[in-house]
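Have a look at the structure below before the remarks.
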Ligand SMILES: Cc1cc2nc3c(=O)[nH]c(=O)nc-3n(C[C@H](O)[C@H](O)[C@H](O)COP(=O)(O)OP(=O)(O)OC[C@H]3O[C@@H](n4cnc5c(N)ncnc54)[C@H](O)[C@@H]3O)c2cc1C
């Protein structure tokens with residue numbers, strides 16, 4: 001087993017290689033002393049941690065009652081056999097859905113004939129971004145397989161329906177004057193008429209009979225997921241950065257928002273839902289490489305595991321495509337934006353030379369916003385993966401408009417661009433696949449982008465993240481009363497990763513191919529248009545949509 005406490009400072013957000021020497025390795029003695037000291041500090045500081053709210057500097061003002069309750073909830077439970085403690089790194093779609101699925105399946109099983117797995121479950125979700133759930137974070141997601149997960153977890157109405165704008169069609173055209181139609185995917189027809197997969201059963205809501213496909217704004221999804229969590233067994237702490245993760249002991253080193261102090265807490269399981277630049281992923285790769293378990297850290301080629309050869313699996317790789325993403329304010333009227341169709345349930349694509357744009361509407365009733373993604377084949381420049389979806393102040397309306405005009409995007413797209421109230425510039429990155437998504441001792445497991453960041457050209461990253469969360473909780477629930485037995489947990493984690501790796505790898509490869517084709521230049525763009533036209537005529541484009549959208553649970 002490795003003894004790596006991998007720190008985020010040692011694996012900075014820049015994309016340099018992170019060798020195994022970059023992990024902090026403590027000598028046993030120093031480590032022991034430090035653990036004792038930090039545990040002591042941890043106990044003191046944990047009293048100051050508010051439950052299910054943002055970490056602030058006002059914590060010292062807690063009254064006695066809160067202090068006592070806090071102590072009850074946050075006492076260091078490593079000696080408490082009755083409690084199963086889980087730390088979820090990241091409050092994105094993967095992290096929040098994991099917390100919810102664990103609450104549903106570990107503390108009170110969906111199958112009421114079965115006994116609960118354990119008497120006390122305690123989940124702590126940590127996110128370094130104090131504004132992770134704010135209204136201005138991120139753009140819209142197309143959600144389909146993820147909606148099926150929410151249905152299974154019993155929160156479909158309050159998390160999905162309330163926040164979604166139904167997606168019924170995708171219409172693709174060329175950027176030429178004639179606006180030549182390339183293909184149209186009729187989402188309803190594809191799902192209801194499907195006979196090749198089990199989409200008909202999995203993507204049609206059992207209660208309402210509606211096809212579960214729609215666009216939600218990221219912040220709405222996150223807020224509703226958080227609201228659906230039971231605060232008795234889950235605290236969500238925002239503005240709390242995880243600095244280090246110990247694959248051997250299950251310890252997490254964290255720094256709260258005030259930025260001055262760090263503390264260490266120990267958990268039975270650490271779920272790495274910390275996105276594309278995941279610290280947990282680096283730790284899993286390094287711990288598996290240094291434990292000599294080459295098969296679990298590479299793609300089956302043991303010569304590529306260990307040392308700097310693991311870097312391809314830890315660090316994301318640039319795809320060669322950049323996205324300028326714009327979001328309008330709420331209540332924009334679509335009629336004067338998209339000339340051909342005032343229907344908000346259609347997503348529109350326009351393909352040009354080396355670039356294309358996608359326009360769609362996201363959000364529930366009275367909070368609909370238009371989203372514009374302009375994707376172009378170009379060097380990364382000063383952009384990065386922008387995992388926190390920070391609005392770039394350097395990306396002005398004029399800059400975005402000029403860029404799209406140069407790429408011959410149609411007037412509808414340019415008009416919409418001028419209506420956007422915020423822009424994000426995003427370099428599209430992806431991960432090389434891992435053979436295992438957990439550390440060899442079963443202390444750390446990865447979900448979502450931390451496990452398999454994929455280009456967004458099939459709109460599946462968040463959908464797959466939510467499916468990971470569901471399958472992980474389902475597999476852990478099979479441990480029953482043995483949830484603290486390492487070999488049982490390891491079996492469950494292997495079963496989780498065996499279920500989820502094949503579909504996510506397939507979607508990853510397809511997304512990379514589709515992205516390269518969609519942003520192809522010169523002759524490639526001509527080939528693309530012909531290929532899309534033919535694929536549309538033979539119904540292949542619909543099948544591609546369906547193969548990504550159908551959940552694999
Ligand atoms: C332009 C674009 C369009 C997309 N469209 C779609 C779509 O239509 N449909 C779809 O399904 N997917 C889409 N995706 C993909 C989707 O955004 C991601 O796959 C999804 O957000 C992954 O969720 P996650 O929870 O795994 O990671 P994230 O959403 O990245 O969340 C990770 C969280 O972890 C936190 N974190 C990171 N490091 C630390 C740390 N050290 N300590 C504490 N917290 C930490 C971060 O602050 C963040 O909140 C799109 C992506 C892009 C870029």
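In UniProt numbering, the protein residues as written are 1 to 553. Glycine residues also receive a C-beta, built at the ideal position from the N, C-alpha and C atoms.
Chain-order list of residues whose beta-carbon lies under 6 Å from that of residue i (same chain, five-residue window excluded)
i: residue 121; result: 84, 106, 107 and 233
i: residue 124; result: 87 and 235
i: residue 230; result: 103
i: residue 45; result: Confidence is the limiting factor: at residue 45 the pLDDT is only 35, short of 50, which leaves the residue's position unreliable, though a coordinate-based value still follows. The residues are 263.
i: residue 540; result: none
i: residue 155; result: 228
i: residue 179; result: 173
Check: residue i C-beta below 6 Å from any heavy atom of ligand 1
i: residue 435; result: no
i: residue 325; result: yes
i: residue 145; result: no
i: residue 279; result: yes
i: residue 507; result: no
i: residue 460; result: yes
i: residue 486; result: no
i: residue 127; result: yes
i: residue 89; result: yes
i: residue 141; result: yes
i: residue 377; result: no
i: residue 387; result: yes
i: residue 444; result: no
i: residue 93; result: yes
i: residue 463; result: yes
i: residue 275; result: yes
i: residue 449; result: yes
Short Cβ contact (7 Å threshold) for residue i with residue j
i: residue 242; j: residue 89; result: yes
i: residue 282; j: residue 322; result: no
i: residue 280; j: residue 444; result: yes
i: residue 448; j: residue 465; result: yes
i: residue 528; j: residue 520; result: yes
i: residue 175; j: residue 433; result: no
i: residue 359; j: residue 380; result: no
i: residue 369; j: residue 395; result: no
i: residue 400; j: residue 423; result: yes
i: residue 545; j: residue 185; result: yes
i: residue 237; j: residue 270; result: no
i: residue 385; j: residue 129; result: no
Bridge partners - residue i, DSSP secondary structure assignment
i: residue 619; result: In the structure as shown, the chain begins at 1 and stops at 553. Residue 619 is therefore absent and cannot be evaluated.
i: residue 370; result: 361
i: residue 270; result: 87 and 444
i: residue 121; result: 84
i: residue 479; result: According to DSSP, residue 479 bridges with nothing at all.
i: residue 186; result: 169
i: residue 126; result: 89 and 237
i: residue 318; result: 429
i: residue 409; result: Answer is none; residue 409 lacks a bridge partner.
i: residue 514; result: Looking at the DSSP assignment, residue 514 forms no beta bridge with any residue, so it has no partner.
Cutoff 7 Å; reference residue i; Cβ partners in own chain excluding five residues on either side
i: residue 41; result: Residue placement at residue 41 cannot be trusted, given a pLDDT of 33 that sits under 50; what the coordinates show is reported in the next sentence. The answer, listed in chain order, is 263.
i: residue 181; result: 173
i: residue 225; result: 96, 97, 100 and 159
i: residue 471; result: 496, 499, 500 and 553
i: residue 462; result: 93, 141, 143 and 146
i: residue 201; result: none
i: residue 490; result: 442
i: residue 319; result: 428, 429, 430, 455, 512 and 515
i: residue 507; result: 454, 458, 460, 464 and 548
Cβ-heavy atom distance, residue i to ligand 2, below 6 Å
i: residue 456; result: This structure does not include ligand 2; its bound ligands are ligand 1.
Beta-carbon contacts of residue i that lie in its chain and below 8 Å, excluding the five residues immediately before and after
i: residue 204; result: 191, 192, 210, 211 and 212
i: residue 316; result: 15, 276, 277, 385, 429, 430, 431 and 453
i: residue 272; result: 89, 90, 245, 278, 279, 280, 281, 283, 284, 444, 445, 446, 447, 450 and 451
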